[in-house]
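Chains as they are written, first to last, in UniProt numbering: chain A, 1 to 312; chain B, 1 to 290.
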């Protein structure tokens, strides 16, 4: 992560002397400054994690206020043995496989192109990034009409090139196409901005030197830009995988997970079991399994990048 | 002799290369401008359609031309749905979330950046771990917790969870760390309390961080969908995204009305975006907040 880190405060030795006399008061002040955040953090972030873990061991019904019967690992066994859970898990994975290549490669190309052009930067920023800040519901309402059978923009576009338009909202393949296109349009700009920022860090002279040595733009791209951008590419890849695995809004609003739950992602599965069939304990166990998968993905990435960092 | 030819050769290639790169740049500009225009189509098309009269849309759904553009869809969107309420809810919730997040997160960030106290290291690790927690996966236990606290259906249910943001803490902390220690030491020696240092020295210097956190909190709170969907069940208490999502598949609403509502839903954010473009882009670039 490219978080801006400030330089360490100079003169550690000097600070040491003042700490000794004021440490008692600093202690109290430090905790006073931290208390409001810590209360909210404990209540609304740590609380739900712990509570979710507890509930997952009970036969809790979402509509009742008591925990229900202690069932140990029964919920987990049910979740892991549930075909519907694994189907929804697969749908989230499939969505990730469908969107990640587009959202990692296309923004990179666009950012590289944009970095070679000095004019019209504002246009690219507005066109590509503005969709990212608008709510999913607005995006879905707009695209729902663009996907309308026969009369929508997409159907017309397919017709214009002489192809039969798929049934975007009524068939499984069409639905995946629809959701992928919508997501690429909607979130493209985020990665575009990350790449653009990283490209600005590469000094102009590197390219100039390469150009003098006779490197073509394509060679420059291959032997300067891509290697220097590798950390950013892997960051974008990781953020994108995690974001895609968390898909919910688009699929829920546009398709309600349909046709026939054939696109229902895992978050909607948790939502359905927890809030439609009220199996709270079971849904909590599904949450925990999903949670572990997400954390495992980021842990693998962290280990991989650390190892690469050590090699370099 | 050889050096001369080499020199000539190099000049030749570099010239050819310059030409090649010029062609490449032109290609890049064309491709990019074309895709940018394509990218704007959904916005442009929905705005234009929302101003066309309903009969015309039924007759020809994708035409962009109309002889009689009208505001009808917007007025009826306000009349038919509770969109006015949704606006009010979204504005109140987002604004309060911004205020609370800025205050609460900057306070602890100040402590972490400039105070030495026992447990600070452990605290930092605890908040860092919070970055890993996917909130989307925790809605169920969160829902159960809020029900037992009696907070369901209230604004607080939406404001408070948004407030405890580890990302905001780290944005503030990295910014506050940039404030030179001697400045703070000097104020201490002059007898200023930590509270005064926070209020009168650090926060005024921290304005860019405040605006970055404020903008991001506003956007994410406004756009939140799953949690408000669960918490706010009455039509009038819903936020813009939840209210809008119900329009899809609702009977008796026409296309112009739905698109007008969609435009109304994204308009405030587009305004925020246009006003604060630079900060938003820089914020994403420097923190990778997603």
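Virtual Cβ for every residue (Gly too), placed ideally from N, Cα, C. Note that the coordinates shown come from a computational prediction; the quantities given were computed from them, not determined experimentally.
Who are residue i's beta bridge partners in DSSP?
i: residue 44 of chain A; result: Looking at the DSSP assignment, residue 44 of chain A forms no beta bridge with any residue, so it has no partner.
i: residue 61 of chain A; result: A/279
i: residue 70 of chain A; result: A/58
Please decide whether residue i counts as near chain A, where near means a Cβ-Cβ distance under 9 Å.
i: residue 214 of chain B; result: no
i: residue 198 of chain B; result: yes
i: residue 31 of chain B; result: yes
i: residue 163 of chain B; result: yes
i: residue 203 of chain B; result: no
i: residue 234 of chain B; result: no
i: residue 24 of chain B; result: yes
i: residue 49 of chain B; result: yes
Does residue i have its Cβ less than 9 Å from a Cβ in chain B?
i: residue 222 of chain A; result: no
i: residue 90 of chain A; result: no
i: residue 85 of chain A; result: no
i: residue 260 of chain A; result: no
i: residue 216 of chain A; result: yes
i: residue 164 of chain A; result: no
i: residue 125 of chain A; result: yes
i: residue 306 of chain A; result: no
i: residue 78 of chain A; result: no
i: residue 147 of chain A; result: no
i: residue 301 of chain A; result: no
i: residue 47 of chain A; result: yes
i: residue 138 of chain A; result: yes
i: residue 22 of chain A; result: Here the model assigns residue 22 of chain A a pLDDT of 49, short of 50, so the residue's position is not dependable, and the following value carries that caveat. Chain B contact via Cβ: present.
i: residue 120 of chain A; result: yes
i: residue 113 of chain A; result: yes
i: residue 167 of chain A; result: no
i: residue 272 of chain A; result: no
i: residue 185 of chain A; result: yes
i: residue 59 of chain A; result: no
i: residue 55 of chain A; result: yes
i: residue 291 of chain A; result: yes
I need the straight-line Cα distance from residue i to residue j, nearest angstrom please.
i: residue 143 of chain A; j: residue 60 of chain A; result: 39 Å
i: residue 57 of chain A; j: residue 132 of chain B; result: 23 Å
i: residue 295 of chain A; j: residue 96 of chain A; result: 16 Å
i: residue 122 of chain A; j: residue 41 of chain B; result: 17 Å
i: residue 27 of chain A; j: residue 124 of chain B; result: 15 Å
i: residue 233 of chain B; j: residue 89 of chain B; result: 13 Å
i: residue 92 of chain A; j: residue 246 of chain A; result: 7 Å
i: residue 176 of chain B; j: residue 275 of chain B; result: 25 Å
i: residue 22 of chain A; j: residue 49 of chain A; result: Model confidence at residue 22 of chain A stands at a pLDDT of 49, short of 50, so the residue's coordinates are unreliable; what they give is reported in the following sentence. The alpha-carbon atoms of residue 22 of chain A and residue 49 of chain A are separated by roughly 37 Å.
i: residue 181 of chain B; j: residue 111 of chain A; result: 38 Å
i: residue 315 of chain A; j: residue 115 of chain A; result: For residue 315 of chain A there is no data in the structure shown, the boundaries of chain A being 1 and 312.
i: residue 25 of chain B; j: residue 48 of chain B; result: 33 Å
i: residue 278 of chain A; j: residue 285 of chain A; result: 13 Å
i: residue 79 of chain B; j: residue 135 of chain B; result: 35 Å
i: residue 105 of chain B; j: residue 206 of chain A; result: 41 Å
i: residue 236 of chain A; j: residue 195 of chain A; result: 8 Å
i: residue 168 of chain B; j: residue 127 of chain B; result: 11 Å
i: residue 21 of chain B; j: residue 124 of chain A; result: 21 Å
i: residue 170 of chain B; j: residue 241 of chain A; result: 23 Å
i: residue 154 of chain B; j: residue 199 of chain A; result: 45 Å
Since residue i and residue j should fall inside the 8 Å C-beta cutoff, what is the C-beta to C-beta distance between them, to a whole number of angstroms?
i: residue 112 of chain B; j: residue 196 of chain B; result: At roughly 19 Å, the Cβ-Cβ gap does not stay under 8 Å, so residue 112 of chain B and residue 196 of chain B are not in contact.
i: residue 262 of chain B; j: residue 127 of chain A; result: That pair is no contact at about 18 Å.
i: residue 263 of chain A; j: residue 251 of chain A; result: 5 Å
i: residue 280 of chain B; j: residue 215 of chain B; result: 6 Å
i: residue 52 of chain A; j: residue 140 of chain B; result: 7 Å
i: residue 218 of chain B; j: residue 66 of chain B; result: With 8 Å as the limit, residue 218 of chain B and residue 66 of chain B do not qualify as a contact, their Cβ atoms being about 34 Å apart.
i: residue 135 of chain A; j: residue 240 of chain B; result: 6 Å
i: residue 260 of chain B; j: residue 50 of chain B; result: 4 Å
Specify, as a first and last residue, the run of the alpha helix (DSSP H) that residue i falls within.
i: residue 255 of chain B; result: 255-275
i: residue 68 of chain B; result: Counting along the chain, residue 68 of chain B falls outside any alpha helix (DSSP H), and DSSP gives it neither H nor E.
i: residue 225 of chain B; result: Counting along the chain, residue 225 of chain B falls outside any alpha helix (DSSP H), and DSSP gives it neither H nor E.
i: residue 230 of chain A; result: 226-245
i: residue 244 of chain B; result: 240-245
i: residue 110 of chain A; result: 83-115
i: residue 204 of chain A; result: 204-212
i: residue 191 of chain A; result: 172-201
i: residue 167 of chain A; result: Where residue 167 of chain A is concerned, there is no enclosing alpha helix (DSSP H), given that its DSSP letter is neither H nor E.
i: residue 121 of chain B; result: 120-130
i: residue 220 of chain A; result: 217-220
i: residue 95 of chain B; result: 83-114
Is there a C-beta anywhere in chain E that falls below 9 Å from the one on residue i?
i: residue 264 of chain A; result: No chain E appears in this structure, whose protein chains are A and B.
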